[in-house]
Structures are given as C-alpha cells and as structure tokens.
Amino acid sequence: MARGRVQRLEIHPEHPEPHRIRQAVARLQSGIPVIYPTDSLYGIAADSSQSAAMQRLYALRRHDPKKPLSLVCTDLAQVGQFATFSTECFRFMKRSLPGPYTLILSATKSAPRMGQSKRRTIGIRIPAHPVAQALASSHGSPLLSTSVREETDDVQDPVEIAEWFGAHEIGVVLDAGILKGRASTVIDWTGDEPAILRRGAGPVDDLE
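For the sequence shown, the positions run 1 to 208 when our numbering is used.
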C-alpha cells in the first residue's frame, strides 16, 4: 500500500476546538472516514448513512465483510433507536456509559445493515473521550467505527497513524496526543445474561 501524508489536526483532548470538529464532520459528510481518539485507543469513523463510506471503512481495515462495525452514539436515548436491551442491560449502560465498552445488542429495524452478516445485532459505543463526544454530537447521527489497528496495540501515536494511512484514504486525523490504553471491553448482551467476549479497558467485576 502506498503511504502518503494524511492531514493531521492537533486538537485539545479535553476542550476540543469547534472549528477542528467542524472540519472532521465535513469530511464525514462527504463520505470520507476520519481518525479520532476514544477513551480506549484511536478509532476510524465513517458516516453511518452512507453505504460507500461503510465499504471504505471495511476496505481500510481489511475487515471480514461478515464482521459488524460499531455504532458510536451520543447517549442512551439514541442507543434505543437502534438496539433493544433488557432492564438489567439498561442499568449497566446507565452506570457505565460513557465508557470504554462495546455492547453487542439486538438490532432494531432502524439500525444500519453492516457488511454481509445476516445476524441482526449491533455493537454500541458511547466513548467518554471529549473529542469523540464532540464529533458524534456535531455529526448529528451515529458514526460507524472500528479500531485503527489490531486490538493488541496499547500505545498509539497519531503522528505514526497519519504516516501509516495513505493521503487519499483518510480525510483527517484528529490528533489529541499519544494514547496509552487498552481496547474496549466487549460484552454480548443479546441473551438473557451478558457474555464477556473481550476483556479490555472497562472493568466487569459487577457482571461476574
């Protein structure tokens, strides 16, 4: 893969500059994915209403087309538009989100279809990072998202990330500094009881 210099915008990690967010949202609305910081590691986001943007996201990460992407929401009210969940799950989300969790839930008819999977489930994220929150809120509708690299990476430098992706593949990198952490904890709550699929940044002591 040819490497180029994608545009990298330095952004305040706690008080993101609105004009930087607007620049990123403009890229998203034009169908171009952007890289942004989360409360775990850096992710790649795309407009959930554009199938071409979704396909571009799959191609960038070389994902199996049967593997669903995550949907980044702004709050639990928005989650309720795209997923169904039990009272126990709602209580967990209310006390744990925003936070470093990906919840696999049963999808509603309003949820975007992702890839070639026939299973009607959806991964939900509400990251606690101020930049991620500002991006999702300013975009106005949920964002499709996946990790920048393999989930085992625990240190991510946005300068290196910008060099890794070709200039014509990513709209912009929102640089909030080096992130040192773990991938999100993944919980499948499509059944009566939660199943922990991956232990990551979010604690799960209260589920065991």
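From the three backbone atoms N, C-alpha and C, an ideal C-beta is built for every residue, glycine too.
Rounded C-alpha distance that separates Leu197 from Val186
5 Å
May I have the straight-line CA-CA distance separating Leu174 from Ala134, to the nearest angstrom?
12 Å
Arg214, buried or exposed, once every other Cβ within 10 Å from all chains shown has been counted against 16
The structure shown does not extend to residue 214, since the chain is modelled only from 1 to 208, so the question has no answer here.
Three or more beta-carbon pairs under 8 Å between the region 123-142 and the region 96-105, yes or no?
yes
In angstroms, rounded to a whole number, what distance separates the CA positions of Ala77 and Thr84?
11 Å
So within the region 75-114, which uninterrupted alpha helix (DSSP H) runs reach at least 4 residues, ignoring any that extend past its ends?
76-82 and 87-96
Asp205 by DSSP, collapsed to three states: which one?
helix
Residue from Gly31, Val6, Ile11 and Arg149 with nearest C-alpha to His139:
Ranking Gly31, Val6, Ile11 and Arg149 by Cα distance to His139 puts Gly31 first.
Rounded to a whole number of angstroms, what is the C-alpha to C-alpha distance between Arg8 and Pro203?
Distance between the alpha carbons of Arg8 and Pro203: 32 Å.
Would you mind reading off the limits of the beta strand (DSSP E) that contains Thr144?
The question names Thr, yet the displayed sequence has Leu at residue 144. For Leu144, the uninterrupted beta strand (DSSP E) run begins and ends at Leu143 to Ser147, by DSSP.
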